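See below for the structure under consideration.
In the working numbering, the protein residues as written are 1110 to 1710.
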C-alpha cells in the first residue's frame, strides 16, 4: 500500500520538480548571460534577446507585433524593421561577447533601441569625466575663466624690480608653455590653452629687465594634496597625472634628463684626460691660424673646418694645445681632434617629460627660465610662499570653461579633471580639495536628475582613475540627454537664456580622425565626423559613451527628437573568469559603432 502511494507521489511530483528546475535554469541563464525578458528593457516592450540572437526564429510579423504594441517605437516614422532587427542582432551578439559585468544602452529619440544591464553600477574609467564635465558646467558655468597673475610689492622703476616677483596660481589646468602645447597637441588647433609665454612677454613689453629677488610661486587657492586620496600609491608620480596644485604649468610635467643605461665614456687623446667636450657647432671664435705661434703658453686651436675657418699651421712651444689637423711640437698637453664637423657625434643628454616633484616650484622655474631667455636678470632661485602682495603687474585669463572641457574630454586629461574638481569645491564649498569637489559634483548631479537619489557610496575622484568609483550606463545616458536648457549661468539663473534641445557636451568629445583619444578609431572607412564619444580605458575596464549621427556632428546638432542621431553608452569590467584583450575590446567597440552607423544609413 505504501509503495503504491509512493508511486503516485512520484508520478505527480516529478513533473512539477522538473518544471521548477527548468524555470530556475532559464532565469539563471538569462541573468548570467545578460539576456533580458521581453518587457524588462527599462519599461520598453521589445523582442527578447534570445530570439534576436537567432534571426531565423524572429519572423517579420512578430517584429511588427512588438513594434505595434510599443507607442514609443511608433513615434519613429518610416522605421525599417529589418534595420532595427539587424541592429539588435549585432548588439545582442556584442553583449554576449562581453564579460557579465558589462552594460550597453542605445537610444534614438525617446526610444530604447537596446538595453542590457542598464542599471548595474560599474567602474567607468574615464567615462567618469562626463559626470564631472556636466557638473562643472552647472556649478561654474560655461563662461567661467581662470586667472593667473604676476604680482609684486612695488612697481618696477626704469625696468628694475626691487624684491621678488610673485606668480600667483588661479587653478588654471591648461596653463602651458608654447613648446609644451606643440609637444602634446601638434597641429590640433581646436585645443585652447593659456600661454605662459604670453604672460612673460607682458612683463618684457612693459620694459622689465632686472629683478633683485626671485620668482616666487603661490599655490594657496587649493589644499596641498598632490593626488586624490583614493588613488593607489603606484599611480602617484606617474605619467597619468602631474602633482596637483593651484599653480601648475604644463600639467605638472617638466623636462627631465634620462640617464642612459650604459653611458659612453669619452676619453680625449693626450697626456691629461679631460671630461670637457668642445662642440664645434657652438664655437664662436673664427680667428684663422695660418701661421706659426711661438712662445705661447696657452693656445686652444681648432683646425676643424667650421664655416670655412681652417687651421693648417704649426704650433711650437705651446704648453696646452687643442690641435686639429696640424702638427704640435713641444706640447706638454695635447688633445687631438681630427674629425670633421659632419662626422662629429654631438652627445646631448636625452630628456623626456615627467612629473615634477613640486608643481608650484616647477611652474615658477619655468617662468623664471622664460624671463631669463628674454635677458631678464634674476639672481636667486625660485621658491614658494603662501603670501603675496597686492600690486598686479601682469595677468592672463584662460579660455572659457566650455573650451577647456573640450580639451579635458577629448584628450581625457586626468590632471585637468582633478583640478576642475578642486575648483568646484573652492567655488561651491569654499575649500579647494578633492572631497569638497566631490560633494559639489554630487549635489549638481542630484539637482540635474542624473542621480535619482544621493548615492550611498560617493565617487572617489573626477577623472575615473580610481577604481572604487561606480556609475551606470543609464546615468551616462542621462548626461548625454541633459540639454542646454538646464545649463544656465549659476550666478544669474533667473535671467539666463537657455539654448533648448542641445547637449552641452556633444561637440566637446573625441571625434575620429579629428581630435582626441579616438583620433585613430576607425569603425568604418569613412566616419566623416559622424561619431563623437568619450572613451575610458584602464586595466580590465573599458567604456565608450557618445553619439552616432547620420550627418556630421557639430555644436548645433539637436539631441531630443532627432531621428538621425543615436545615443549610446557601453561599459565593460573584466572578472576573474572573463577578460578581454585590448584588441578584442577595440573590435567589439568598432562593431557596436559600425552597427549603429549602418542603422542610420
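Cβ atoms here follow ideal geometry from the backbone N, Cα and C, with glycine treated the same way. As the structure is a computational prediction, the values presented were derived from the model and not from experiment.
(request) Go through its chain and collect everything with a Cβ distance to residue 1316's Cβ below 6 Å, but skip five positions before and after it. (result) The answer, listed in chain order, is 1268.
(message) Excluding the 5 residues flanking residue 1330 on each side, which residues of the same chain have their C-beta closer than 7 Å to its C-beta?
(response) Short of 7 Å from the beta carbon of residue 1330, and not among the five residues preceding or following it, lie these beta carbons of its own chain, in chain order: 1278, 1279, 1280, 1355, 1535 and 1541.
(request) With DSSP as the reference, label residue 1656 as helix, strand or coil. (result) If DSSP states are grouped into helix, strand and coil, residue 1656 belongs with the strands.
(request) Pull up the distance between the alpha-carbon of residue 1239 and that of residue 1302, whole angstroms please. (result) If you take the alpha carbons of residue 1239 and residue 1302, they lie about 20 Å apart.
(request) Kindly indicate the opening and closing residues of the beta strand (DSSP E) around residue 1641. (result) Counting along the chain, residue 1641 sits inside the beta strand (DSSP E) bounded by residues 1640-1647.
(request) Count the CB pairs spanning the region 1304-1322 and the region 1461-1470 that are closer than 8 Å, and state whether there are at least three. (result) Flag = no, the region 1304-1322 and the region 1461-1470 do not touch.
(request) Would you check if the distance between the CB atom of residue 1497 and the CB atom of residue 1327 is smaller than 8 Å? (result) Result yes, Cβ atoms of residue 1497 and residue 1327 sit closer than 8 Å.
(request) Name the two residues that bound the continuous alpha helix (DSSP H) containing residue 1292. (result) Counting along the chain, the alpha helix (DSSP H) containing residue 1292 begins and ends at 1287-1294.
(request) Would you give the residue range spanned by the alpha helix (DSSP H) that residue 1511 belongs to? (result) For residue 1511, the uninterrupted alpha helix (DSSP H) run begins and ends at 1510-1520, by DSSP.
(message) Please classify residue 1486 as buried or exposed, where buried requires at least 16 neighbouring CB atoms within 10 angstroms.
(response) By the neighbour-count criterion, in which a residue is buried when 16 or more other Cβ atoms sit within 10 angstroms of its Cβ, residue 1486 is exposed.
(message) I need the straight-line Cα distance from residue 1408 to residue 1348, nearest angstrom please.
(response) Note on residue 1408: pLDDT 34, under 50, position unreliable in the model; the coordinate value appears next. Roughly 49 Å between the two C-alpha positions.
(request) Have a look at residue 1570 and residue 1357 and give me their C-alpha separation to the nearest angstrom. (result) The alpha-carbon atoms of residue 1570 and residue 1357 are separated by roughly 19 Å.
(message) Please identify the residue among 1689, 1683, 1309 and 1642 whose C-alpha is closest to the C-alpha of residue 1674.
(response) Ranking the options by Cα distance to residue 1674, first place goes to 1642.
(message) In the DSSP assignment, the beta strand (DSSP E) including residue 1310 goes from what residue to what residue?
(response) For residue 1310, there is no enclosing beta strand (DSSP E); the residue is found in the alpha helix (DSSP H) stretching over 1305-1314.
(request) Grab me the residues of residue 1663's own chain with a C-beta within less than 7 Å of its C-beta, minus the 5 sequence neighbours each way, in chain order. (result) Within the same chain, Cβ atoms closer than 7 Å to the Cβ of residue 1663 are found at 1616, the five residues on either side in sequence being excluded.
(message) Here's the rule: buried if 16 or more other CB atoms are within 10 angstroms of the residue's CB, otherwise exposed. What is residue 1253?
(response) Sixteen is the threshold: when 16 or more other Cβ atoms of the shown chains lie within 10 Å of the Cβ of residue 1253, as they do, the residue is buried.
(request) Tell me whether residue 1197 is buried or exposed, calling it buried when 16 or more other Cβ atoms sit within 10 Å of its Cβ. (result) Buried.
(request) Would you check if the distance between the CB atom of residue 1258 and the CB atom of residue 1501 is smaller than 8 Å? (result) Closer than 8 Å, so yes.
(message) My output table needs one value for residue 1672: the three-state DSSP class, helix, strand or coil.
(response) In the three-state scheme derived from DSSP, where H, G and I count as helix and E and B as strand, residue 1672 is classed as coil.
(request) For residue 1216, name the three-state secondary structure that DSSP assigns. (result) Looking at residue 1216 - three-state DSSP - the assignment turns out to be strand.
(message) For a test of the three-state rule: what should DSSP assign to residue 1276, helix, strand or coil?
(response) It is a strand residue.
(message) Do residue 1231 and residue 1581 have their beta-carbon atoms positioned less than 8 Å apart in this structure?
(response) Contact flag set, yes.
(request) Tell me whether residue 1256 sits in a helix, a strand or coil according to DSSP, three-state version. (result) Reduced to three states, the DSSP call for residue 1256 is strand.
(request) Pull up the distance between the alpha-carbon of residue 1293 and that of residue 1364, whole angstroms please. (result) Computed Cα separation, rounded: 13 Å.
(request) Quick one: give me the first and last residue of the beta strand (DSSP E) that residue 1502 is part of. (result) Where residue 1502 is concerned, the enclosing beta strand (DSSP E) stretches over 1500-1506.
(request) Output yes or no for whether 8 Å exceeds the beta carbon distance between residue 1209 and residue 1652. (result) Annotated as distal: residue 1209 and residue 1652, with beta-carbon spacing of 8 Å or more.
(request) Just grab the DSSP bridge partners of residue 1464 for me. (result) Bridge partners of residue 1464: 1362.
(request) Please report how far the alpha carbon of residue 1798 lies from the alpha carbon of residue 1190, in whole angstroms. (result) Shown here, the chain extends from 1110 to 1710; a query on residue 1798 therefore has no answer.
(request) Assign residue 1558 to one of two classes, buried (16 or more other C-beta atoms within 10 Å of its C-beta) or exposed (fewer than that). (result) Exposed: under 16 other Cβ atoms inside 10 Å.
(message) Give me, in chain order, the residues of the same chain whose beta-carbon lies closer than 6 Å to that of residue 1630; leave out the 5 immediate sequence neighbours on both sides.
(response) Same-chain partners within the cutoff: 1621.
(request) Quick one: residues in its chain with C-beta nearer than 7 Å to the C-beta of residue 1192, no 5 flanking neighbours on either side, listed in chain order? (result) Cβ neighbours of residue 1192 beyond the five flanking positions: 1708.
(request) Could you check which residue in 1710, 1550 and 1481 has the C-alpha nearest to that of residue 1312? (result) Considering only alpha carbons, the answer is 1481.
(request) Can you tell me which of 1619, 1661, 1574 and 1472 puts its alpha carbon nearest to the alpha carbon of residue 1289? (result) Ranking 1619, 1661, 1574 and 1472 by Cα distance to residue 1289 puts 1472 first.
(request) Compute the distance between the beta-carbons of residue 1503 and residue 1516, then report whether it is under 8 Å. (result) For residue 1503 and residue 1516, no; Cβs fall outside 8 Å.
(request) Tell me where the alpha helix (DSSP H) around residue 1546 begins and ends. (result) Counting along the chain, residue 1546 sits inside the alpha helix (DSSP H) bounded by residues 1543-1557.
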